[in-house]
Every structure is written in structure tokens, then in C-alpha cells.
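Asker:
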Amino acid sequence: MVDTPEYLPAGPLTYQDYAELPEDGRRYEILDGELDVSPSPMIRHQVVIGNLFRILDDHVRSRRLGTVLLSPVDLILADTTVVVPDLMFVSPRRNPIMTARAVEGAPDLVVEIASPSTSRKDRLRKAALYARFGIPCYWILDPEQRLFDGFVLDGEVYRLAARGEGDATARAEPFPDLAISLATVWA
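Next comes the structure, spelled out in C-alpha cells:
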């Protein structure tokens with residue numbers, strides 16, 4: 022468990038409280054007004070998200086599909102909900118949600134790289150939160166299990182729409198024409 026700052030105000034935290042947190046190497050998020058603190062990501066996590074970013078960014082840029090953003094970029098879903106997903110994709114029709122300070126609203130895709138300490142939160146709490154705010158696609162990659170899960174919003178919940186295991190090739194919304202070599206992602 023990571024210690025939290027002792028000077029936090031009582032009650033639900035807001036974006037203003039979040040903006041005043043120290044830059045101390047920890048990853049802070051506010052989930053429905055509650056502070057969530059994680060240590061900085063491990064090297065394997067960063068390698069995986071870097072590999073996936075290069076694949077997605079090449080695909081998106083070559084087709085002029087929008088913008089791929091690599092963490093850390095704040096995603097403000099409400100004044101009391103500020104997260105920092107590992108990766109986001111914003112299509113041109115949602116481009117106005119990208120402001121000078123953050124992405125302010127639902128992007129087309131959010132990606133989280135699960136670790137042993139975050140897997141439960143990514144699969145349960147964050148999935149429910151992202152669904153509630155209408156994010157159409159959510160990917161979770163688990164480097165330890167070598168597992169890719171692609172979810173699509175189905176009403177108010179996510180439905181597993183794509184799964185890739187080991188070194189397989191994965192395809193998932195919002196990029197059904199992109200074949201992702203998981204061997205390259207895990208490398």
C-alpha cells in the first residue's frame with residue numbers, strides 16, 4: 022500500500038485537489054472523489070505500452086483516424102473523476118474533448134496495462150467507471166498472463182468482444198482492420 026498525502030481535504034476530491042498533488046513519482050487518480058495512489062509503473066509495463074503505442078500510432082497516423090495519446094495524460098470524466106489511462110485514442114469527431122490541460126470527456130478507446138497490483142481495479146472498478154462515462158472501447162493487456170482483452174460498450178456495461186493470448190494476433194474495436202501481433206507487443 023502506498024501512503025497518501027496527509028493534507029487532503031475532507032469529502033470528495035475534485036480536479037483542483039488533484040492538480041495540487043505533489044509530483045513525487047507516484048500515480049494519482051481520483052475515482053468518484055476518492056484518491057487512488059499507485060507506484061510508478063514497472064519497466065515491463067512501460068515496454069508493453071510503448072510497443073502498443075507505436076503499433077496504434079502508426080496505424081492511426083497512416084489512415085488519419087485521429088490521435089493516440091500515451092500516458093501520462095489526464096482524462097477528466099467529471100470534476101470528481103480524473104484518471105490517467107496508459108493509452109487513449111480520440112477520433113476526429115471527438116477531437117473537441119482534447120483541451121490544453123487534458124482529455125475532458127469520453128475518448129473512443131482507453132487502454133490499461135494490468136499488473137498484479139492493478140489487475141482487479143482495471144477489470145472491475147475502472148471498467149465500471151469507463152462504461153458509466155460512455156467510453157465505447159476498453160482494452161486491458163496483461164503482460165504476466167500474455168492476455169489481450171478488447172471490450173465494447175453494450176448498453177451500460179462492457180462485453181468481451183476480442184481476446185488474444187500468448188503470441189496470437191489480436192483484432193479489436195475501434196480498429197477491426199488492424200492485426201496486432203501480440204508477440205511484438207510483449208517483446
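Residue numbers (the numbering used here): 22 to 208.
Virtual Cβ for every residue (Gly too), placed ideally from N, Cα, C.
1) Quick check on the burial criterion: 16 or more other C-beta atoms within 10 angstroms. Buried or exposed for D129?
2) Could you say which of G176, E177, P137 lies nearest to I161 if we only look at CA atoms?
3) Using three-state DSSP, classify F154 as helix, strand or coil.
4) Can you give me the Cβ contacts of A127 inside the same chain, cut-off strictly under 6 Å, excluding the 5 residues immediately before and after it?
5) Report yes if the CB atom of R47 is closer than 9 Å to the CB atom of P33, and no otherwise.
6) Quick one: what does DSSP say A148 is sitting in, helix, strand or coil?
7) Could you tell me the alpha carbon to alpha carbon distance between A99 and E41, rounded to whole angstroms?
8) What would DSSP say about T88, mapped onto helix, strand or coil?
9) Would you decide whether M22 is buried or exposed? Buried here means 16 or more other CB atoms lie within 10 Å of its CB.
10) Measuring CA to CA, which of P93, D79, H80 is closest to P62?
Answerer: Answer, in terms of the structure:
1) Within the sequence shown, residue 129 is the residue found at index 108, counting from 1. That one is buried.
2) Taking the first residue of the sequence shown as position 1, residue 161 is located at position 140. Ranking G176, E177, P137 by Cα distance to I161 puts P137 first.
3) Along the sequence shown, one-based indexing puts residue 154 at 133. Note: F154 maps to coil in three-state DSSP.
4) Residue 127 sits at position 106 when you count from the first residue of the sequence shown. Correct list, in chain order: F154, G155, I156.
5) Residue mapping note: residue 47 aligns to position 26 of the sequence shown, counting from 1. Residue mapping note: residue 33 aligns to position 12 of the sequence shown, counting from 1. No, they are not a contact pair.
6) Along the sequence shown, one-based indexing puts residue 148 at 127. The answer is helix: DSSP assigns A148 an H, G or I state.
7) Working through the sequence shown from its first residue, we reach residue 99 at position 78. Working through the sequence shown from its first residue, we reach residue 41 at position 20. Computed Cα separation, rounded: 17 Å.
8) Walking along the sequence shown from the start, residue 88 turns up at place 67. Note: T88 maps to strand in three-state DSSP.
9) Working through the sequence shown from its first residue, we reach residue 22 at position 1. Only weak support is given to the placement of M22: the predicted model assigns it a pLDDT of 40, under 50, and the value that follows is read from those uncertain coordinates. Exposed: under 16 other Cβ atoms inside 10 Å.
10) By 1-based counting over the sequence shown, the position of residue 62 is 41. Measuring from the Cα of P62, the nearest candidate turns out to be P93.
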